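Residue numbers for the sequence shown, in our numbering: 63 to 381.
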Amino acid sequence: MKALLYDKYGSAEVLEIREIEKPAPKKNEVLVRIHAVSINDWDWGLVQGKGVNRIIAGLFRPKKIIGSDVAGRVVNVGDEVKRFRPGDAVFGDLCRSGFGGFAEYVCASESALARKPERMTFEQAAAIPQAGTLAYQGLFARGPLKPGQKVLINGAGGGVGTFAIQIAKLHDVEVTGVDSAEKLDMMRSIGFDHVIDYRTEDFTKSGKRYDLILDTKTNRSLFDYTRALNPGGTYATVGGTAHLAQVGLLGPWIGRLIKKNVFLVMLKPNKGLPYLCELFEAGKLVPVIDGPYRFSQAREAFRLFGAAKHKGKIVITID
């Protein structure tokens, strides 16, 4: 089978498609023929090999096929698999099942997969799992949203942000999105009430206050974020690098001190996926897809992702 591999850490240029042996499912696994896969921050981090990603992918050289969000069709099942059979269309986040999505076939635990709704394309299904569930888990980290609340999403033009706006607007809240100028028109088109170009305005210094800040970048000090919250407000981060450690270590203590809520949302793979499927089936959630790109264009797609120029989710078709 063909798979996207790399022998050293670095930029998108280290990636190349090669032929390797097709895997065989273990007794509790499903063999899936992949039709589509999407790029997540985790994939890009594994390619670059920074920090904890080297522990996951290989300390000195990468030993893993990247790719967590997949959609495809079951080819074979292990002896103990009960939920699926050959021919079933499935999708899910494989980050706790060994990754492996950038390939023609992958073996995954049946618990990492769900049935794909019939109306959902494979490309749409590949876009949803990780970004969609992070949006869900981040928005509701403190509990249900309340009508009239003011919500800000930092890094709003990517995968998490484009799902989060659609979910948030179902709760009659006012939503502001922060991203680059090139993405603002798209963000307006999917429901943002206000948009901010981060290059020209720092929302943490504008004097405006929010009840919830959902952050996908974590590129400012925690003190800057909490300053932009209303009393009793909530800051929830679902990704980024620069200040994640500060949020994880100091967030709970700072939150208690200033009477604001601080959450580092630790991804629970596929939690909330049934809810997202219900919204999709009802026509209330539509993935924003950049692409889809062909498998042969994987390097180009990763370059785009690394430059943060993509809108919504970058999806790659494997067929």
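Backbone N, C-alpha and C define an ideal beta-carbon position, used for all residues, glycine too.
Every value quoted in this text rests on a predicted model; they were computed, and no experiment measured them.
Quiz item: Anyone know if the C-beta pair for Thr17 and Tyr287 falls short of 8 Å?
Solution: Look at the range of the chain in this structure, 63 to 381, and you will see that residue 17 is not part of it.
Quiz item: Leu196: which of Asp103, Gln186, Glu236 sits nearest, CA to CA?
Solution: Ranking Asp103, Gln186, Glu236 by Cα distance to Leu196 puts Asp103 first.
Quiz item: Are the C-beta atoms of Asp255 and some chain B residue less than 8 Å apart?
Solution: As a matter of chain content, chain B is missing from the structure shown, which is built from one protein chain.
Quiz prompt | Sub-8 Å separation of Arg177 and Ala203 beta-carbons | solution = Taking a C-beta distance under 8 Å as the contact criterion, Arg177 and Ala203 do not qualify as a contact pair.
Quiz item: Alpha carbon to alpha carbon, how far is Ile117 from Glu180?
Solution: Spanning the two alpha carbons is a distance of roughly 38 Å.
Practice problem: Report the rounded CA-to-CA distance for Val350 versus Glu78, giving the unit in angstroms. | Solution: The alpha-carbon of Val350 is positioned some 27 Å away from that of Glu78.
Quiz prompt | Buried versus exposed, by CB contacts within 10 Å (16 or more), Ala165 | solution = Counting the other CB atoms within 10 Å of its CB gives Ala165 a total of 16 or more, which places it among the buried residues.
Quiz item: For Thr278 versus Gly239, is the C-beta distance shorter than 8 Å?
Solution: No, the Cβ-Cβ distance between Thr278 and Gly239 is not below 8 Å.
Exercise. Pick out whichever of Leu121, Gly129, Gly223 has its Cα sitting closest to the Cα of Phe357.
Key: That would be Gly129, whose Cα lies nearest to the Cα of Phe357.
Quiz item: If you drop the 5 nearest sequence neighbours on each side, which residues of the same chain put their C-beta closer than 7 Å to that of Pro87?
Solution: The answer, listed in chain order, is Leu93, Asn138, Val139, Gly140, Cys169.
Quiz item: Roughly how far, in whole angstroms, is the beta-carbon of Leu201 from the beta-carbon of Leu108, given that I think they are within contact range, below 8 Å?
Solution: Wrong, their Cβ atoms sit about 26 Å apart, outside the cutoff.
Quiz item: Nearest CA to the CA of Ile190: which residue from Gly221, Gly217, Phe161?
Solution: For the residues Gly221, Gly217, Phe161, the minimum Cα distance to Ile190 belongs to Gly221.
Quiz item: Going by C-alpha distance, which of Ile96, Cys157, Glu91 is nearest Arg135?
Solution: The residue with the shortest Cα to Cα distance from Arg135 is Ile96.
Practice problem: Within the same chain, show all residues whose beta-carbon is closer than 8 Å to that of Gly253, passing over the 5 residues directly before and after it, in chain order. | Solution: Within the same chain, Gly253 has close Cβ partners Ile227, Gln228, Lys231, Val237.
Practice problem: Kindly indicate which three-state DSSP category Phe164 falls into: helix, strand or coil? | Solution: Of the three classes helix, strand and coil, the one that applies to Phe164 here is coil, per DSSP.
Exercise. Report the partner residues of Leu274 according to the DSSP bridge assignment.
Key: In DSSP, Leu274 forms a bridge with Val213, Thr296.
Exercise. Let me know the beta strand (DSSP E) ranges lying completely inside the segment 325–351, each 3 residues or longer, listed in chain order.
Key: Taken in chain order, the complete beta strand (DSSP E) segments of 3 or more residues contained in the segment 325–351 number zero; there are none.
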